[in-house]
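Numbering (this note's numbering), first residue to last: 4 to 895. Virtual Cβ for every residue (Gly too), placed ideally from N, Cα, C. Keep in mind the model is a prediction, meaning the values are calculated, not measured. In what follows, a single structure is set out as structure tokens and then discussed.
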């Protein structure tokens, strides 16, 4: 139930407090006090058998005695009473509840499982949403709702804070109060047995009062749902997360609290990056992130100017910026000339700009105005160190005035303790972001830079190269079926190689020999040099073979090495039988570099791909980066760029760069193999040899197991649904492929829109449009197949190169999968052939198969062709907006 009834939680019209109390130490007393002090406008109804009234508000002896049904109830009763209270509320029609009661107090099960199950059983039959248990509650300041036990109320603002830790909530509240920072929502999730991070992200992603979201997360329980919610929300507003449990020790504590597997931290890192979220790693960064999100506007570019009254701070800030990958703005001659007239002889006119230590506040103000007016500056950071001659408060007031009149972000850091505090307070009151140190200020700036860069990477148009390879999936499936048993089993190297070859991955030439003499013959046939390895027989499965003999250059050395390896095997494993010798040609790659590709499963996010340096060096260095499949060429390139081996692959004056297109394509092929073959539970190519001529897999290992019927749900990101492709022949005889849209379709989509008449554009978009920017086109082509669908009709281009898009139908489904809103457009020169009907009919069948309840759309009243088509398909219609627009609906 992603967001169903969450409006009752965040915007209730009436409240009941079950277990309200007048005892100061009781949570029921604290939540009553907070509700009344928050001046919530609706009825607040305390339920208590022990009190007649609390704080002047009449109490009711039981839920049945309430005069009206509350939209939301807050439960502060003993754990044993929670399920029956929820059941009574549900029967009355309450659809949201906050359970403050602690899990650990439930005697039946020290891990809380019995308590959690009892809560679910009581609430779910009524569609009731539950926040908690074991939580602090929530606050929605702009409606006066403080349904929490917090020691301070949250001020009104634009940042939503969502935390899995009540202690972190209290700390952030305390810190934010001192900084005059407010929140749109403040949510403590507690045990999150129903409402979790994904649900809240879904809700806040479209909430108009929320400009940005800050998360404190210890674990995620529903990887795929989280990814969909996070990807959707991060396209609308910045999201910053601090993920605790990075170390094994921290993960053990987190797993004990959550009672669920936590997953590997580098996999969380990959998921967070893929979702377009920015991750921070410390409480200092967390607090700086709150300051940033509350006060900083989104950046368009990242050229930073620094203004300071001391060289030391300027150097420190510039060093920190460079270390973190930021860029100083290059000031123009015109800007430098203006600064010279202001800064004077005691300062530095270039960036960072330093005025004299004892310069008056007017100098600060004038220099700041010059920098904010400079076209080459995207943001300004102002640093100040206290002096004995000039007032830091006057300087702060001057910068606050300048910042208020500028559309460019201004970040500040007034260094010092007591002397600087008054200046910081002036900034807080003026809504100007301020930080205790220049390092924190730079970190804050880089938060926004990294967020913008992450979004740009995710919205880049991928290269179309992956579409050119067609794997032999049937062959790979037959190979797996031949060896598959009930449990996990290792695939022998020959079959593993055949499976990889079916996906177009180049392999080193290989042969199997029974004896050392036969190995010498096979080696001569393959070509020298070769390496040898013993293959274990069936009675030696799982035994470690005695190493490898490498770079053997003639028959004699192969025979000697083969005899030695077989003898060593017999000594190590008496009584076990070798299956023979594996002979593999070693390609003569002078500039070959060894990399490693590994795939395994994560308990939270499913299959993951690991890339890094290969061979023994990779094992020693620990060089690795992680990504979630499916990958495209851009994502493969980004994965490689996060490893140390990336610099080696780039080449040097003596070594040519590696063929990066071949390497990226190999990663994409492995990704597709993982998508197509859910039986693969582990895969490794190590080493994969890479040079300027391409790639070749030297060693491969594959492990397979039987899969459940839910195998297609194992991935955190739903891959391209190839099974939905459909061939069609138009009345004109033109062959058309109906298929889901891909990110690679962006260029063809631009061409498609250019061939739609202005009148058809008006009917589709309710007005004229110019060329869509890349960010908007990326939203149309880079979709989440779990939440959206777009079917396009494609046909070979008239030029003979590539494919043309002839039409598109798309739907966006709400997180509850209740309503899908559709839109459709067909190229003007192919109208009248039934293509629009076929596209919409395909979408109707797709939505029905997903269990969507209704398709809705809006059509201009003069779009007679569309209205006729949907009426013929069974849609109902009604006029809205003064009869200019018709809303059409189809119940599924």
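Limits of the unbroken alpha helix (DSSP H) element including residue i
{"i": "residue 674", "result": "663-679"}
{"i": "residue 845", "result": "838-853"}
{"i": "residue 448", "result": "441-461"}
{"i": "residue 364", "result": "364-376"}
{"i": "residue 293", "result": "286-298"}
{"i": "residue 654", "result": "Segment: none, residue 654 is in no alpha helix (DSSP H) and carries neither H nor E."}
{"i": "residue 271", "result": "268-277"}
Nearest-angstrom Cα separation, counted from residue j out to residue i
{"i": "residue 469", "j": "residue 488", "result": "Its pLDDT being 49, under 50, residue 469 is placed unreliably in this model, and the value from its coordinates should be taken loosely. Taking the straight line from one Cα to the other gives about 33 Å."}
{"i": "residue 35", "j": "residue 63", "result": "14 Å"}
{"i": "residue 412", "j": "residue 158", "result": "23 Å"}
{"i": "residue 615", "j": "residue 645", "result": "9 Å"}
{"i": "residue 647", "j": "residue 273", "result": "17 Å"}
{"i": "residue 334", "j": "residue 376", "result": "11 Å"}
{"i": "residue 886", "j": "residue 862", "result": "11 Å"}
{"i": "residue 111", "j": "residue 83", "result": "Caution is warranted here: a pLDDT of 48 is assigned to residue 111, below 50, making its placement in the model unreliable, and no coordinate value can be reported."}
{"i": "residue 859", "j": "residue 880", "result": "10 Å"}
{"i": "residue 68", "j": "residue 21", "result": "12 Å"}
{"i": "residue 208", "j": "residue 196", "result": "21 Å"}
{"i": "residue 776", "j": "residue 749", "result": "11 Å"}
{"i": "residue 508", "j": "residue 830", "result": "39 Å"}
{"i": "residue 758", "j": "residue 825", "result": "21 Å"}
{"i": "residue 594", "j": "residue 303", "result": "41 Å"}
{"i": "residue 436", "j": "residue 212", "result": "20 Å"}
{"i": "residue 562", "j": "residue 556", "result": "11 Å"}
{"i": "residue 184", "j": "residue 27", "result": "28 Å"}
{"i": "residue 291", "j": "residue 786", "result": "32 Å"}
{"i": "residue 31", "j": "residue 284", "result": "35 Å"}
{"i": "residue 912", "j": "residue 88", "result": "The chain is shown from 4 up to 895; residue 912 falls before or after that span and cannot be answered."}
Own chain, CB closer than 6 Å to residue i, minus 5 neighbours either side, in chain order
{"i": "residue 172", "result": "139, 166, 191"}
{"i": "residue 43", "result": "147, 148"}
{"i": "residue 113", "result": "Residue confidence is low: residue 113 scores 49 on pLDDT, short of 50, so the model does not pin down where it sits. Its coordinate-derived value is still stated next. Closer than 6 Å at the Cβ level, and outside the excluded window around residue 113, lies no residue."}
{"i": "residue 74", "result": "11, 15, 16, 17"}
Cβ shell of residue i (< 7 Å), same chain only, five flanking positions each side left out
{"i": "residue 853", "result": "820"}
{"i": "residue 752", "result": "780, 783, 784, 808"}
Nearest residue (CA-CA) to residue i, options the options
{"i": "residue 180", "options": "589, 47, 428, 814", "result": "428"}
{"i": "residue 402", "options": "373, 378, 225", "result": "373"}
{"i": "residue 535", "options": "567, 505, 832, 659", "result": "567"}
{"i": "residue 2", "options": "587, 520, 522, 575", "result": "In the structure displayed, the chain extends from 4 to 895; residue 2 sits before or after that span and is not available."}
{"i": "residue 513", "options": "538, 491, 506", "result": "538"}
{"i": "residue 38", "options": "72, 53, 76", "result": "76"}
{"i": "residue 388", "options": "397, 382, 737", "result": "397"}
{"i": "residue 628", "options": "600, 636, 618", "result": "600"}
{"i": "residue 867", "options": "729, 891, 844, 56", "result": "891"}
{"i": "residue 452", "options": "136, 773, 305, 123", "result": "305"}
{"i": "residue 2", "options": "186, 221, 143, 755", "result": "Not covered by the structure: residue 2. The range shown for the chain is 4 to 895."}
{"i": "residue 330", "options": "383, 564, 283, 465", "result": "383"}
{"i": "residue 233", "options": "215, 249, 248, 760", "result": "215"}
Endpoints, the beta strand (DSSP E) within which residue i is located
{"i": "residue 605", "result": "596-605"}
{"i": "residue 825", "result": "822-829"}
{"i": "residue 614", "result": "609-616"}
{"i": "residue 704", "result": "703-707"}
{"i": "residue 245", "result": "242-246"}
{"i": "residue 792", "result": "791-799"}
{"i": "residue 858", "result": "857-863"}
{"i": "residue 729", "result": "729-732"}
{"i": "residue 162", "result": "158-166"}
{"i": "residue 687", "result": "683-694"}
{"i": "residue 187", "result": "185-191"}
Cβ-based neighbour list, residue i, same chain, cut-off 8 Å, excluding 5 preceding and 5 following
{"i": "residue 109", "result": "Any reading at residue 109 needs caution, since the residue's pLDDT is 45, under 50, leaving its predicted position unreliable; the model's value is listed next. Correct list, in chain order: 82, 83, 115, 117, 118."}
Contact test: residue i Cβ vs the ligand GTP heavy atom, cutoff 7 Å
{"i": "residue 670", "result": "Of the ligands one can find in the structure shown there are none, so the ligand GTP has no counterpart to examine."}
Neighbour flag for residue i against chain B, beta carbons, 8 Å
{"i": "residue 403", "result": "Here chain B cannot be found, since the structure has a single protein chain."}
Discussion item. Is it the case that the segment 642-655 contacts the segment 570-588, given that we only count it when at least three CB pairs across the two stretches are under 8 Å?
Written reply: Segments in contact, no.
Worksheet item: Any chance the segment 43-58 sits against the segment 92-104, with 3 or more Cβ pairs inside 8 Å?
Response: no
Worksheet item: Touch check for the segment 280-300 and the segment 338-348: three-plus C-beta pairs under 8 Å?
Response: Because the criterion of three Cβ pairs below 8 Å is not met, the segment 280-300 and the segment 338-348 do not touch.
Worksheet item: Between the segment 699-712 and the segment 494-501, do at least 3 Cβ pairs fall closer than 8 Å?
Response: yes
Item to complete: Flag this pair as touching only if the segment 656-670 and the segment 476-492 have three or more C-beta atom pairs under 8 Å; answer yes or no.
Response: no
Fill in: the segment 445-456 contacting the segment 671-685, beta-carbon criterion three pairs below 8 Å
no
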